[in-house]
Amino acid sequence: MILAKLLVYYAHPGHKYSHANKAMVEVAKTVDDITFVDLLAEYPRHTINVEKEQERLREHDVILFQFPLFWYSTPSIIKEWQDLVLEHGFAYGSEGTALTGKTMMLAITAAGPVEAYTTEGYQHFPLRTFLTPLEQTANLCHMTFPAPYVLHSSLKAQSDGGIADHAAGYGRLLSAIRDNTYDFAATMDKDIVTHADLPIKGA
Ligand SMILES: Cc1cc2nc3c(=O)[nH]c(=O)nc-3n(C[C@H](O)[C@H](O)[C@H](O)COP(=O)(O)O)c2cc1C
């Protein structure tokens, strides 16, 4: 079996207080043959090593960012990473083809419930609307952007068993991406995927 090279970038400034992402990280660390990078553990003062990260990107096919939604966006170190690593001539521009054909995927936890992220809901916009800067970043870098893996109601999930299901699904997702059995194409017209509807071939 030919394995895909999967790079997971994790960012959570409150990792020690985390429930959902901590459970996901524990599962991710049991998945063999993937690269897991805790950005804040590696760069606690956000001093990102651009050359090292660009080399990591070159070496991987699928780049997955795992984070809790903070103010409708990523924790700030992911923005810093974008600003520094996705250089002109590397990631975009006429000579910037290093990421062409690769995949950018997100794994997000959000305290807001699924119905809040609608025009009528209290967040007023669909979750995907808040993610358009990341989606267009992927487009500009000639990367595909499949539906994100999302846990809504992430705080409530601490008490209703949702975290265990989501973390187990995360393990299946990472393993399937690595094994080239995750059907990215089947998610391109979806807003999000969850542990209950992961399109894994042969599952
Ligand atoms: C600074 C901050 C900003 C947040 N912004 C949002 C937000 O915009 N939308 C949302 O649904 N939840 C928001 N949350 C809630 C987090 O997404 C939630 O705490 C997290 O998903 C829980 O995961 P964890 O158990 O791994 O910490 C925010 C939390 C913090 C601390």
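So the numbering used here is basically just the index in the sequence shown, starting at one, shifted up by 5. We put the beta carbon where it would ideally sit given N, CA and C, even for glycine. In this text the structure is predicted, and so the values were computed from the model without any measurement.
Item, Value
"With Gln-71 as the anchor, note down where its beta strand (DSSP E) starts and where it stops.", "67 to 73"
"Assuming contact is defined by CB atoms lying nearer than 8 Å, are Arg-133 and Asp-202 in contact in what I supplied?", "no"
"Any contact between the region 15 to 30 and the region 156 to 175? By contact I mean 3 or more CB pairs, one from each, below 8 Å.", "yes"
"Is Ala-28 closer than 8 Å to Ala-169 when the C-beta atoms are compared?", "yes"
"Hey, would you say His-65 sits closer than 8 Å to Gly-106, going by beta carbons?", "no"
"With DSSP as the reference, label Phe-41 as helix, strand or coil.", "strand"
"Quick one: complete alpha helix (DSSP H) runs, 4+ long, within the region 165 to 194?", "167 to 183"
"Out of Leu-45, Ala-121, Met-109 and Gly-167, which one is the CA nearest neighbour of Gln-141?", "Met-109"
"So Leu-156 packs on Ala-33, CB below 8 Å; how close in whole Å?", "Contact doesn't hold; Cβ gap of about 14 Å is too wide."
"Spell out the partners DSSP gives Thr-2 in its beta bridges.", "What the structure shows of the chain is the stretch from 6 to 208, and residue 2 is not part of that stretch, so it cannot be assessed."
"Would you be able to state if there are at least three C-beta pairs under 8 Å between the region 37 to 46 and the region 92 to 99?", "no"
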